[in-house]
Every structure is written in structure tokens, then in C-alpha cells.
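Presented below is the structure to which this report refers.
Numbering (the numbering used here), first residue to last: -11 to 569.
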């Protein structure tokens, strides 16, 4: 009789096998449940769409809008108006318009490469002239009405009636700006040459579009450095202090600090320094201006607001001098900035704009600040990614899901929650195609079109329903949304864990009782050749390694993203505490 050890008998399955079974159960359960939810909510969206007969004009404006919105004013250009206490774009024909933009719609696969596009679906298109009409129709059919940033010029013009924005380079007038957006750099907005040079610089960029009704408005630069953000903990006070001694911005900063502080003693208590007189400020170090308390942080925020006001005062003045027909949106913030920066920006723009690469729009913070500013806002970038696309999804920081079904539900949840807010004007999605290996993007499954040129039809189907219902959700208002993807993910994940444990226990008992007989039967079919047996074992090990690697990636990458960027959001908490305070 064979003795049993402390860890069980011969047929006791090892820990890794149990864990593998648990992962398989967890993954399959998520797949099945989210596919079911996709079908349920897809049917519900389709039904709601049939109940609301929405018609659009040639620009994508809501032509059969209800009387409760009153009478929007047609200006011949895009405008922003408050209708029945809710903000709307109004298109050139005078119809309410929700922005539904798509970034990077190009014949090349990505704006960051010069390679020929892989969007040639089944090698159908040999030129942009053949490609453009089909893509324009596809965008319209999927509910999009705007060409976002970095889109191909072949789609411009009245032929396709797709509105778009113009990006104006303002800091370039004094040689400012960064060659790499991941590296912070600062422009001296207090230099008199910044204002004088911006005149001709902006004039040449704006005048060609003055009378074009398809232009919605102007962005000014993108992802400029405004202090503590995802790139660095450096503040604008530190950045300006490190400028040359004769720099106007540095001189202005030091005078501003003296005027904002009651005395040298107060200054020392705020910054933790030990200067004896005001002239000693010149001898301080970079690290002396790192905010270590609330008072220092407040001064850093106020200086950032002053910089935002100087920048937007110059840019808005010259843009509106040469083009009073179109809207002005200011700079494109990489995330929702501090209240001080928003205050400094809102005085000069028609709408605020920032990117929103998060699991959910920051509704509580938006509700607390945007109504006070009495200015609307929209997202110029946001995205959802899925492992099902076959990409590693390792760079962008967008929410990463298991499947296209779960990604579709995330798109649905995100936009419904945002568009029910009275200040919401719409969005531009990033991006049209999945990301390829480029300087900034490495294999991101965030697009509507795969790198092989095939549409992600499941994602596009839900997006079509959602895009067509945005007007209804916006006019309805409220805060209740049909599905909260994080709550669903959390509950489904918890159930999957419990189910995985139960099945593991059952499998272990089954293996202990039946495993010996199974092994005995399988041993009868062993090859006689030792070499073949060795090759078989090697093959089995390699297959298991490959299978386990794929399984771990499929399960743990989305789970890590859930923990880091999703419901728990320690990274978001970190950003709120240290970046955009």
C-alpha cells in the first residue's frame, strides 16, 4: 500500500495546476457574462433608439429637436449657446449639435508614422481619392460628425461636411514648445516679445479659415507644461525661477512673490528658507520653491493661474482680432487641471477642453467647478482598449478590458454619464485605428479599425447606438446611468473568484478519486521510443508555458489596470494629491 505524505497522495494536484484552473474559470466567466451584458444592453440601446426618431442635418446637427430647447440662433458658423439651461453647440444652420469627433482619421495608419496605411481593407483602396468617400460614409454611419485632430486633409471640405478644429501654434512664435510632449518645457509668457511676435504668427495661421463654416474653432497648442502633472512634480514657480536672471518671467515672478508675501519672515515660514532680506531671494535654490505646505501650494497654484491668464490673454486677443467667426477653446490640457488654472482659462474661451483617459469622467470634480465658471466643456481625447485586439496596451494609460464586449460597455457607460451633465458638449475619440509601434504608441487596441484594416464591428455597433442617443441623454439630464462598468466588473470579478474556488475544490476531489485510473489508462498509450517520449514531454512543457503565459497576460493585465486606473485608482489619487491640486 502506498503511503500518503503530508501534502496528500500521489494524485493530489499541485498548487500551480489549481491556480491555472482558477484563472481559466475566472477568464471564461468574465467572457461569458460580459458577452451576455453586451447583448442585453445592445438590445436595450437599439430599442431606445427606435423610440426616439432622431434626424440630423448636413452638419450632424439635431434637425428635429424638441420645442423645449427654444430657438437656437443660426450664425452661419458653429456657436456655443445655452438652451433651456443646458449648453449646446449650435451648427451653422441653427440646430443643436453634440460633438462626436474621431481623431487620427488618416490614410496613414497613425499620425506618428509615415508608413503606408494598413487600412486598405482587403486591399480595396489604392489612393486617398478612393479611400476618403468610404471612410466619410463609415464615420457618418457610426454616428460621428467631426474630424478630430491629426486627420487626413483628403476628408476636409464641403464634399463630406465633416466639421473640424484648427490647432494654432502660439508658443512657437518665440521658439517655445517641446519637441517631445513627455518632457516639460516652459515658455516665458511675460516676455514682451511673446505678445508682439504672436500677432503675425497667429495671423498667418488663422486668416485662411476665417470664412469656412466647417471650422468649429481653434485649439491653442497642446499639452503644454502648467506645473505638476503626469510628467513631473515641478511647479511653474520652480520652472520660472530657473530661467536666466534677465528673463522677464523670472523678474516678474520674484517681484510677484515679494508683493504676495507680507514680510521676509512670512516668506521664510512659507518656503522653509532663512533669507535676511528680499534681495537674498536671488540666492535661493531650485528645491527651495518646492511646496511643502498648503500656503506654498496655494502660491504655486496662483502663479500657475496667472501664467494661464497671460497665455490665453495673448492667444485669444490675436485670434479674435483676425477671426471673430469661430470659437476659441484655448490650450488642450492633458488632464483636468487645477481649479486655479481652469479659472485662469475660462475668462478667455468659449469652452474648456481636456483629455479624459480614465475609467469614468470625473463627475464630482466637474460638478463642483464647471457650473461656477459658467462655461461648457468637452473631451478632446479619451479611449477604451481591449486585450481581444491582440495588443499589449501598455503605454497610453486608457482603461484596458478583457474583451471587445466589455470595452463597448465602457464606451457606453463613460459617454452616457458625461453627456447627462448640463455643461457637456461632446467628445473626440482617440483614435480611428489601433496604435502601431511608433515613438509614442506601442501596440494599443484603442481604435475602431484594426492594424489589419478591419473594423472592430462589435465596438462600432454599440458606439453607433450610443452616439445617436447622446442628444437624448443630454436633454434628459440626471445622473442615473444604465450600467456602471466598474460596479459590474467588481461584482462579476468577485463571483468569478468564488466560482473558481468552488470548481477548484470539486476538481481536486474528482482528480483524487478518478485521477489514478485516468493516469493508468493513459500510460498504456506511451510510445515505446524513448526519444519520442522525451520530445513529447518537451512539447508538453513548451505548450503549457505558452498557454500559461497567455493566460496570465489575459487575466492579470486587465486586473492590474483595474486596480491601478480603475475603481481603486491609486494612481488617480496620487495625481489628485501631487499633480493637479
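Beta carbons: idealized from backbone N, C-alpha and C, even for Gly.
Assumed close pair residue i, residue j - CB separation to whole angstroms, cut-off 8 angstroms
i, j, result
"residue 415", "residue 131", "Incorrect: roughly 12 angstroms between the Cβ atoms, too far for contact."
"residue 319", "residue 212", "5 angstroms"
"residue 294", "residue 248", "No, residue 294 and residue 248 are not in contact; Cβ-Cβ is about 10 angstroms, not under 8 angstroms."
"residue 22", "residue 452", "Not quite, the Cβ-Cβ distance comes to about 19 angstroms (not below 8 angstroms), so this is no contact."
"residue 66", "residue 315", "6 angstroms"
"residue 227", "residue 174", "4 angstroms"
"residue 342", "residue 321", "4 angstroms"
"residue 403", "residue 458", "7 angstroms"
"residue 395", "residue 461", "Not really, about 20 angstroms apart at Cβ, beyond 8 angstroms."
"residue 399", "residue 454", "6 angstroms"
"residue 190", "residue 158", "7 angstroms"
Outcome for residue i when other beta-carbon atoms lying within 10 angstroms are tallied against a minimum of 16
i, result
"residue 136", "buried"
"residue 353", "exposed"
"residue 180", "exposed"
"residue 274", "exposed"
"residue 369", "buried"
"residue 406", "buried"
"residue 52", "exposed"
"residue 107", "Residue confidence is low: residue 107 scores 43 on pLDDT, short of 50, so the model does not pin down where it sits. Its coordinate-derived value is still stated next. Per the 10 Å Cβ criterion, buried."
"residue 421", "buried"
"residue -8", "Bear in mind that the predicted position of residue -8 carries a pLDDT of just 46, short of 50, making it unreliable; the figure below should be weighed with that in mind. With fewer than 16 other Cβ atoms within 10 Å, it is exposed."
"residue 326", "buried"
"residue 110", "Caution is warranted here: a pLDDT of 40 is assigned to residue 110, below 50, making its placement in the model unreliable, and the coordinate value is therefore given only provisionally. By the neighbour-count rule (16 or more Cβ atoms within 10 Å), residue 110 is not buried but exposed."
"residue 531", "exposed"
"residue 18", "buried"
"residue 250", "exposed"
"residue 68", "buried"
"residue 587", "The displayed coordinates of the chain run from -11 to 569. Any statement about residue 587 would go beyond what the structure contains."
"residue 54", "exposed"
"residue 338", "buried"
"residue 27", "exposed"
Residues bridged to residue i [DSSP beta-bridge criterion]
i, result
"residue 274", "According to DSSP, residue 274 bridges with nothing at all."
"residue 455", "DSSP, once it has assigned bridges, lists no residue as partnering residue 455."
"residue 134", "89, 151"
"residue 340", "365"
"residue 208", "156"
"residue 76", "69"
"residue 203", "152"
DSSP state of residue i mapped onto helix, strand, coil
i, result
"residue 280", "coil"
"residue 319", "strand"
"residue 521", "helix"
"residue 71", "strand"
"residue 159", "helix"
"residue 95", "coil"
"residue 537", "helix"
"residue 84", "strand"
"residue 113", "coil"
"residue 299", "helix"
"residue 182", "helix"
"residue 329", "helix"
"residue 291", "helix"
"residue 527", "helix"
Chain D within 9 angstroms of residue i, Cβ atoms only
i, result
"residue 292", "This model lacks chain D altogether, as it is built from one protein chain only."
| field | Every unbroken alpha helix (DSSP H) within the segment 220 to 272, with a cutoff of 4 residues, ordered by chain | value | 224 to 229, 236 to 248, 252 to 259
| What residue ranges within the segment -9 to 66 form continuous alpha helix (DSSP H) runs of no fewer than 4 residues, ordered along the chain? | 3 to 39
| request: Run through the segment 366 to 450 for me and flag every whole alpha helix (DSSP H) of 4 or more residues, listed as ranges in chain order. | output: 392 to 407
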